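Residue numbers (the working numbering), protein chains in the order written: chain A, 1 to 120; chain L, 1001 to 1645. No residue lacks a Cβ here, since even glycine has one placed at the ideal position from N, Cα and C. This one's a predicted model, so the numbers in the text were calculated from it and none came from an experiment.
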């Protein structure tokens, strides 16, 4: 059975790129367009890894990560930040709320795949 | 300024009187010299007479006379020195007593029994000189001589016999006339001498008296000065307590009006920070309307000198308009003083005086000193206020700059974010196309998409470099320094450039001495510097060239040479190679990629570490970029260095 990855991003292009790239690498992908959807899908499917954009409407990546990490059912899922916020302070902030990795946009497909492989 | 003024007003007292005193002293001394000369001549004359008597008839009386004359002559010496030392009064008294004593002895010796009578004539002369005016002794001497001569004449002619006048005595009769002659001459000489002495004494007394008066005068001047100083020091204390020019002016006006006994006063100074550029202080009945009217009528211009001016109308009845206006308000006179610092005029103060007596010289001098001091104090305060304002402005400017800096940082962060999002799509899709996820592409399509991807990545590098540079410039880049082994650093960097070098057939070699010490650097930033220089070296070196990294210890630093056999940089371009967005040959650089910020960042990073970077290059022959990094010092070494340094 293939590994499942939850991808949350409000930009449909980026969502498409990541989804297609991961599917091409043999992962099952759940798509979320905002933080709330991400939290729901995480609880519903308990994926093996979550790729989370930080700035999203409805519920931000930060809030979603805090919610997922606070829920005992989902707290074990490794979360990798995926964000256009590339300043050192942004990355530190993400670490503080519990992300396990961080990829800055733009990224190369191979880079994303290799990071994910590291956690699975 | 104040001190100078005080000195100037006190000064005339001393020297002004000094020449007169010296004059009197000269006269007294001359007079004494005359007396001493007279004594010397007299003693010489009597001595000669006594010696002649002695040789003609050696007896005890003549011998005593000779001795008396000798003492008389010798006594000139101590009197001379006493007179030279200036103690004239003492000299005069001593001289009169000595002379009287000697003359008495002399007369007794020459006159025998008659001497008592002679003394009877002699003492009135001496007493007259001591008790009456100097000329009295001349008159008494003349009178006594006349009386003595008359009595002798009467007796000689046998008209009257006064046994007590002349008598026969031990002298032979033919000497009578001579004795009488000598005595008469003696009376006159003594009269002359005592008169001169008395005159000298009188002059000396007069001089003493005037010296005394002068001392009194000086004492009273000192008292005035003292009072002025006390007023000044009181005022200074008041002045020092104040922190604003307005408060100070109010207080000072009170003090100054007190000194002059003025019930109404006002002052006006220019102050760039005050409302309307002017500070006014008023006291008593000086209403704003009065102050304004007098100011408009030019009361300030009445203070035409440095010192305060008392303005009470002129003899010809023509009064300045301001004084006329003050009279209409019921005042009799004005005292106007300038207020100024050493450098600039500030304004003036004006005291309005009613019917009280005029302001005396002493008070005027105190006013002068106080207004001088007030000017200085206000000047200082205004300077301080100006400084405070300047300081505030600087603080505001600084806050603004800090705010602008924050805005810039915010802007850079936002810009970075906003550019990254579309770039993600560009790079992501082209990456997907190239990886064949959307089917295979022909060669042309592959070339085009590769170009999109490469340029997208160039844009990303540019964004990263700009962010780096902004951070360095804002001073927000903090180095995490540690001991870094250069060999290890190169091992991390070389694999990144090796593929590209291998592609171009470029030989990359490193020459590091075995005893190279660790350097004091942030490992990530040192990597960035090395990577940047090595990427450039590979980029600008033709196929089959070579790139080398060498290092050596030099003067507390490690000097690292990154040398290539590339295209080199012309001398005229070497200056600006480290500037931003500088690429020497733009046509060739387009194909080489790069943001034009790499060397600028490299230079900033090296300098942030306390090192320096330079370039040696010849066009067509290759380039060497040489940078230095401080050698790592253990804590012990640092302590030792601080102790010795």
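- For residue 52 of chain A, DSSP records a beta bridge to A:8 and A:81.
- Taking CB atoms only, residue 103 of chain A has no neighbour in chain L less than 8 Å away.
- The shortest C-alpha to C-alpha distance from residue 1382 of chain L to any of L:1346, L:1626 and L:1599 is the one to L:1346.
- In this structure, DSSP gives residue 1286 of chain L a state outside helix and strand, which the three-state scheme calls coil.
- Nearest neighbour of residue 1615 of chain L by Cα position, chosen from L:1607, L:1627, L:1621 and L:1604, turns out to be L:1627.
- Residue 1096 of chain L and residue 1141 of chain L have their C-alpha atoms spaced approximately 15 Å apart.
- Among the bridge pairs identified by DSSP, residue 1561 of chain L is matched with L:1550 and L:1626.
- For the C-beta of residue 84 of chain A, the chain L residues within less than 9 Å are, from N- to C-terminus, 1416, 1417, 1418, 1419, 1420, 1421, 1423 and 1424.
- Inter-residue distance for residue 1625 of chain L and residue 1530 of chain L is about 10 Å (C-alpha atoms, whole angstroms).
- Contacts with chain A at 8 Å (Cβ-Cβ) include residue 1428 of chain L.
- For residue 1348 of chain L, the uninterrupted beta strand (DSSP E) run begins and ends at 1345 to 1353, by DSSP.
- Relative to residue 50 of chain A, the option among A:60, A:88 and A:68 whose CA is nearest is A:68.
- By the Cβ rule, the segment 1376 to 1390 of chain L does not count as touching the segment 1447 to 1456 of chain L, because fewer than three pairs are nearer than 8 Å.
- DSSP, read as helix, strand or coil, puts residue 1487 of chain L in helix.
- Under the Cβ criterion of 8 Å, residue 1441 of chain L is not counted among the residues facing chain A.
- Within the segment 18 to 46 of chain A, those residues whose Cβ lies closer than 7 Å to any Cβ of chain L are, in chain order, 20, 21 and 24.
- Sequence-distant partners of residue 1355 of chain L (beyond 5 residues in either direction) whose C-beta falls short of 8 Å from its own C-beta, in its chain, are 1332.
- Between residue 108 of chain A and residue 1431 of chain L, the CB-CB gap stays under 8 Å.
- In this structure, DSSP gives residue 1479 of chain L a state outside helix and strand, which the three-state scheme calls coil.
- For residue 1456 of chain L, the nearest CB of chain A lies under 8 Å from its own CB, placing it at the interface with that chain.
- Taken atom to atom, the span from the alpha-carbon of residue 1576 of chain L to that of residue 1598 of chain L is near 13 Å.
- Annotation for residue 1538 of chain L: the continuous alpha helix (DSSP H) segment containing it runs 1523 to 1539.
- For the pair residue 1293 of chain L and residue 1325 of chain L, the CB atoms are nearer than the 8 Å cut-off.
- The C-beta distance from residue 1195 of chain L to residue 1129 of chain L rounds to 6 Å, short enough to fall under 8 Å.
- Under the 8 Å Cβ criterion, the segment 1234 to 1244 of chain L does not count as touching the segment 1332 to 1341 of chain L, having fewer than three qualifying pairs.
- A residue is called buried when at least 16 other Cβ atoms come within 10 angstroms of its Cβ; residue 1135 of chain L does not meet this threshold and is exposed.
- Apart from the 5 residues on each side of it in sequence, residue 1535 of chain L sits with its Cβ closer than 7 Å to the Cβ of 1497 in its chain, given in chain order.
- Using a CB distance cut-off of 8 Å, residue 1460 of chain L counts as an interface residue toward chain A.
- Burial state of residue 1509 of chain L is exposed, judged by a 10 Å Cβ sphere holding fewer than 16 other Cβ atoms.
- Within the segment 1377 to 1407 of chain L, not one residue has a Cβ closer than 8 Å to any Cβ of chain A.
- The residues 52, 65, 79, 80 and 81, in chain order, have a CB closer than 8 Å to that of residue 99 of chain A in the same chain once the five nearest residues on each side in sequence are set aside.
- For residue 36 of chain A, the enclosing alpha helix (DSSP H) stretches over residues 35 to 45.
- The C-alpha of residue 29 of chain A is placed about 16 Å away from the C-alpha of residue 114 of chain A.
- Distance between residue 1199 of chain L and residue 1214 of chain L, taken at the CA atoms: about 22 Å.
- When DSSP states are grouped into helix, strand and coil, residue 1334 of chain L belongs to the strand group.
- From the beta-carbon of residue 1431 of chain L, the residues of chain A found nearer than 7 Å are 108 and 109.
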